[in-house]
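Before any comments, here is the structure.
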Amino acid sequence: MSTTTDNDAKSTNTWTGPRKRWVPIVVLLFVAVAAAGLTWLLTNIFQRKEETKQPFTQVVELTDTTYDPAVWGKNFPKHYEQYKKTYEDTDGDFIKVDPTDEDPREYHTISRIDAEPRAQHMWRGYAFAVDYTAPRGHEWALVDQMYTKRTKEPFKQPGTCMNCHASMPEVYDKLGNGDRMAGFDAMNKLSYQEAVQHASGTIACIDCHDPKTMELTITRPAFMEGIKKYKASQGISDYDVNRDASNQEMRSYVCAQCHVEYYFKGEGKTLTFPWDKGLTAQDAMAYYDEVGWTDFQHAESGAPALKAQHPDFETFSQGVHASNGVTCADCHMSYQRDGASKISNHQIMSPMASDETINSSCLTCHHSTTEEMRQRVDGIQDQWQNSLNVGYTALDALITDITTAANDGSATEEQLTKARDFQRKAQFLIDYTFSENGRGFHAPAYSQSLINQATDYARSGQLALRGVTVENGNGPAVLEEHSPAKDQ
Ligand code: HEC
Ligand code: HEC
Ligand code: HEC
Ligand code: HEC
Ligand code: HEC
Numbered sequence: 064m065s066t067t068t069d070n071d072a073k074s075t076n077t078w079t080g081p082r083k084r085w086v087p088i089v090v091l092l093f094v095a096v097a098a099a100g101l102t103w104l105l106t107n108i109f110q111r112k113e114e115t116k117q118p119f120t121q122v123v124e125l126t127d128t129t130y131d132p133a134v135w136g137k138n139f140p141k142h143y144e145q146y147k148k149t150y151e152d153t154d155g156d157f158i159k160v161d162p163t164d165e166d167p168r169e170y171h172t173i174s175r176i177d178a179e180p181r182a183q184h185m186w187r188g189y190a191f192a193v194d195y196t197a198p199r200g201h202e203w204a205l206v207d208q209m210y211t212k213r214t215k216e217p218f219k220q221p222g223t224c225m226n227c228h229a230s231m232p233e234v235y236d237k238l239g240n241g242d243r244m245a246g247f248d249a250m251n252k253l254s255y256q257e258a259v260q261h262a263s264g265t266i267a268c269i270d271c272h273d274p275k276t277m278e279l280t281i282t283r284p285a286f287m288e289g290i291k292k293y294k295a296s297q298g299i300s301d302y303d304v305n306r307d308a309s310n311q312e313m314r315s316y317v318c319a320q321c322h323v324e325y326y327f328k329g330e331g332k333t334l335t336f337p338w339d340k341g342l343t344a345q346d347a348m349a350y351y352d353e354v355g356w357t358d359f360q361h362a363e364s365g366a367p368a369l370k371a372q373h374p375d376f377e378t379f380s381q382g383v384h385a386s387n388g389v390t391c392a393d394c395h396m397s398y399q400r401d402g403a404s405k406i407s408n409h410q411i412m413s414p415m416a417s418d419e420t421i422n423s424s425c426l427t428c429h430h431s432t433t434e435e436m437r438q439r440v441d442g443i444q445d446q447w448q449n450s451l452n453v454g455y456t457a458l459d460a461l462i463t464d465i466t467t468a469a470n471d472g473s474a475t476e477e478q479l480t481k482a483r484d485f486q487r488k489a490q491f492l493i494d495y496t497f498s499e500n501g502r503g504f505h506a507p508a509y510s511q512s513l514i515n516q517a518t519d520y521a522r523s524g525q526l527a528l529r530g531v532t533v534e535n536g537n538g539p540a541v542l543e544e545h546s547p548a549k550d551q
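What the sequence shown shows, in my numbering, is residues 64 to 551, in sequence order.
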């Protein structure tokens, strides 16, 4: 410490003479540069202010109970128009179907289990093996949940499902008599069929915005609680997201209320995010192991399996964009010029949907072309898909081997238990990255590492059935009979 100070002092002394002689010029230059800088800054601030100031006329007063987005639309017609457009097919994955009484939708999206039968195999014994489709825009969130086979007989779902598929402030207010936390608890305990009677529409303005200030706000108790636990794991106590988060963080946090892995905790079926130990897949798995959580028993192998669901925020958090402060909104709601103003695109969709969306998102930071951006995304997604194929092949083989061994008695109970535990681990990691919606893009290296780890777990499980133990799925394989560790 003192050495550095000495050195600094020395170098300062050495340069005192020459610097003094240059003072008039330096001062002059400084003043000139500062003046130019200030002009630039003022112009810039002025422009940004002008740009972000919406040509906004308050037609109606918005309050805590203005639930209907159409009413908000009177003040913000452009935002409302874009928001309604989340109804459109922007990435070509809609399929026309014949509506029935059971399911009146005219369009579904492509089935992800038909496209990937190994996923269907992985989920056998669980609702996802029956119906799982590609996501689409927010306008569909409530109807897609109402009519998926996963909320129909024989499957029974709790009201908890609705937390991310409908506009919640109204439902929480109704069920909790104005106390939203009480409303959350009350809704989770209902059956899905009862809860859905209280919903009047899909995700709306009031789910992301404070009606009085239009600032971003967190409305979901599960996220408030989850992010608090996560921050505590990082040494930050008593974190209150609506008080402590920066605006920049909120541009991801509003999305992270829903685009995350979750489970239903305890008798109250409380929506809970497994973030006590951190945000990685391994952190979530360690949490589930500790609390003894299992989503379902695999129908063929008998493994105590976990189901991962859209960990978009957690995965994004492991990538280079997050570490550079880039947010979900930067890519999925990029600014669009509208005359003299800019507005955040409320037709939330893939940034790769068109040249226009690539331009307004990626190309504001990357000095490149739309074509090159497409190639980079395709390249990352192809590599991810290739690795995923290897991982799925290994997992599929493990499930088949455990099932065979359990049926023909070729493995001991102990070996079966070990192999099933490896299936649980391998399956969670494969499922985690498969169910994540960036298909490898949100964190390329991290996603690859999950698949590598999963493949290793799956192959270790196969070895376990043959009496070969592998420590933690990482170390060298050792035959049980010859293991020196076993002798002690
Ligand atoms: C924590 C928030 C959250 C909860 C709770 C939640 N979902 Fe979702 N759901 C999402 C998000 C985000 C998507 C879009 C991303 C995706 O499909 O992976 C989605 C997509 C879907 C879809 C369309 C794609 C598909 O999976 O076929 C259906 C149907 C669905 N959910 C049903 C349900 C049901 C049933 C429940 C209760 C068991 C539920 N959701 C609970 C956030 C949630
Ligand atoms: C209240 C929960 C919720 C919030 C908040 C939320 N989403 Fe979603 N999102 C969903 C659900 C549910 C779906 C799937 C709807 C379906 O398939 O029917 C979805 C679908 C999507 C899709 C797929 C669209 C497509 O065309 O395929 C994108 C992209 C998306 N959300 C991004 C975001 C971003 C970015 C944010 C934050 C600005 C956000 N979401 C906030 C629940 C939510
Ligand atoms: C650096 C830009 C970037 C950021 C930041 C980003 N995404 Fe994405 N996201 C993408 C790209 C690129 C894809 C792949 C789109 C495709 O394949 O068409 C994608 C895909 C998705 C999809 C699936 C869309 C579809 O049409 O199937 C969802 C949902 C999504 N992201 C949600 C999020 C959420 C939530 C966050 C923040 C936690 C986020 N993204 C952050 C660029 C980004
Ligand atoms: C899924 C979350 C979400 C929903 C739903 C949503 N917004 Fe936004 N909105 C955002 C985000 C993110 C921003 C960017 C805010 C920022 O950076 O401060 C934004 C910004 C805005 C702004 C500020 C100006 C601008 O364009 O950046 C207005 C006005 C606005 N939204 C109106 C609406 C209206 C009206 C609705 C309903 C029709 C709506 N929003 C629904 C997330 C949402
Ligand atoms: C707000 C600025 C911003 C936006 C918007 C943005 N990026 Fe980036 N991107 C960055 C930064 C910063 C890095 C890290 C650069 C570095 O560390 O060298 C990066 C890195 C990348 C990388 C390298 C990834 C890796 O893991 O090494 C790719 C690929 C990329 N961006 C693609 C995209 C695409 C595609 C989009 C649009 C969907 C996009 N970016 C939007 C700022 C942005």
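C-beta: ideal position from N, C-alpha, C; glycine also.
Bear in mind the structure is a predicted one, so any value in this text is a computation, not a measurement.
Just the Cα atoms here: how many angstroms apart are Val354 and Gln145? Distance between the alpha carbons of Val354 and Gln145 is about 43 Å.
N- and C-terminal bounds of the alpha helix (DSSP H) containing Asp270: Cys268 to Cys271
When Gly155, Gly382 and Asn408 are compared against Thr343, the one with the closest alpha-carbon: Gly382
Can you round the beta-carbon distance between Asp418 and Asn500 to whole angstroms, since I take them to be within the 8 Å contact cut? Not confirmed; about 22 Å, so no contact.
Within the present structure, is the beta-carbon of Ser424 separated from the nearest heavy atom of ligand 5 by less than 7 Å? yes
To the nearest angstrom, how far is it from the Cα of Met313 to the Cα of Met287? 12 Å
Does at least one heavy atom of ligand 4 sit under 7 Å from the Cβ of Ile266? yes
To the nearest angstrom, report how far apart Ser512 and Gly365 are at their CA atoms. About 27 Å.
With a threshold of 8 Å on Cβ separation, who are the neighbours of Ser386 within its own chain once the five nearest residues in sequence on each side are excluded? Cβ within range, chain order: n/a, list empty.
Closer than 7 Å to a non-hydrogen atom of ligand 1 - does that hold for the CB of Leu458? no
In DSSP terms, what Leu279 is bridged to: His272
Would you call the CB atoms of Thr496 and Leu458 closer than 8 Å? no
Return yes when the C-beta of Gln448 is under 7 Å from any heavy atom of ligand 3, and no when it is not. Answer for Gln448: no, Cβ out of range of ligand 3.
Go ahead and pull the three-state DSSP assignment for Lys405. strand
Euclidean distance between Cα positions of Arg283 and Met412: 22 Å
At least 3 beta-carbon pairs within less than 8 Å: the stretch 238 to 246 vs the stretch 205 to 220: In short, these stretches do not touch, since the Cβ pair count stays below three.
Heavy atom of ligand 5 within 7 Å of Asp248 beta-carbon: No, ligand 5 has no heavy atom inside 7 Å of this Cβ.
Would you say the beta carbon of Phe497 comes nearer than 7 Å to a heavy atom of ligand 4? no
When you compare only the Cα positions, how much space is there between Gln311 and Lys252? 34 Å
Where do the N-terminal and C-terminal ends of the beta strand (DSSP E) with Pro134 fall, by residue? It should be noted that the sequence gives Val, not Pro, for residue 134. That residue, Val134, is in no beta strand (DSSP E); its alpha helix (DSSP H) goes Pro132 to Asn138.
In three-state DSSP terms, what is Thr532? strand
Return the CA-CA distance between Leu479 and Tyr195, expressed in angstroms with no decimal places. 29 Å
Less than 6 Å between C-beta atoms, sequence neighbours within five positions excluded: which residues of the same chain meet that for Thr333? So the list reads Asn251, once near-sequence residues are dropped.
Near Val453, which residues of its chain fall below 8 Å by C-beta distance, leaving aside the five closest residues on each side in sequence? Result list for Val453: Ile514 and Thr518, in chain order.
Below 8 Å on the Cβ atoms is my contact criterion, and I expect Tyr170 with Ile158 to pass it. Report the Cβ-Cβ distance as a whole number of Å. 7 Å
Please state the DSSP three-state secondary structure of Arg502. coil
Leu334 - containing beta strand (DSSP E), residue span: Thr333 to Thr335
Closest by CA to Gln372, which one among Phe139, Thr335 and Ser254? Thr335
Give, in chain order, every unbroken run of the alpha helix (DSSP H) that is at least 4 residues long and sits entirely within the stretch 200 to 224. 204 to 210
Cβ separation of Met185 and Asp494, assumed to be a contact under 8 Å, to the nearest whole Å: 7 Å
What residues in its chain sit with their C-beta under 6 Å from that of Gly289, if we drop five residues either side in the sequence? If we look at Gly289 and ignore the five residues flanking it on each side, its Cβ neighbours are Phe336 and Trp338.
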